[in-house]
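S.K.: My structure is below; once you've seen it, I'll send some questions.
In full-length UniProt numbering, the protein residues as written are 1 to 110.
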């Protein structure tokens, strides 16, 4: 194509491109919705089984940008029990998503 000339895109190409973009957006919405459900299920388990008082969602699932390969980031307050037992349960519940759980234990000034 000579320099300066524009390439005209066919109506069929533009139609298919819109379809692809709509499908991609739909898949992203479903992914986020499923991850949020998994996050809620993990939070419920933490509260019921490990005495956690509060669970906060942070990271890309909370602030946007969650995509395939993203993990579920949770901050838990008041954890009691076996960390590794809890982590195995959380991973099973969150599957197919990875989960990262940070525990807030409080800070004491010295």
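We put the beta carbon where it would ideally sit given N, CA and C, even for glycine.
Per DSSP, which residues does residue 55 bridge with? Please list them.
M.R.: Against the chain shown, residue 55 aligns to sequence position 55. Residue 55 pairs with 76.
S.K.: What is the residue span of the alpha helix (DSSP H) that residue 13 lies within?
M.R.: Locating residue 13 in the chain shown gives position 13, counting from the first residue. First-last of the alpha helix (DSSP H) with residue 13: 11 to 50.
S.K.: Under 8 Å, with one C-beta from each stretch per pair, do the stretch 6 to 23 and the stretch 36 to 49 reach the 3-pair mark?
M.R.: no
S.K.: Locate the alpha helix (DSSP H) running through residue 60, then write down its first and last residues.
M.R.: Indexing the chain shown from 1 puts residue 60 at position 60. Residues 60 to 63.
S.K.: Identify which residue in 12, 96, 81 has its Cα closest to the Cα of residue 70.
M.R.: Your numbering for residue 70 matches position 70 in the chain shown. Nearest option by C-alpha distance: 96.
S.K.: Looking only at its own chain, which residues have a Cβ that is under 8 Å from the Cβ of residue 32, when we skip the five neighbours before and after it?
M.R.: The count along the chain shown starts at 1 and reaches residue 32 at position 32. Result list for residue 32: 61, 66, in chain order.
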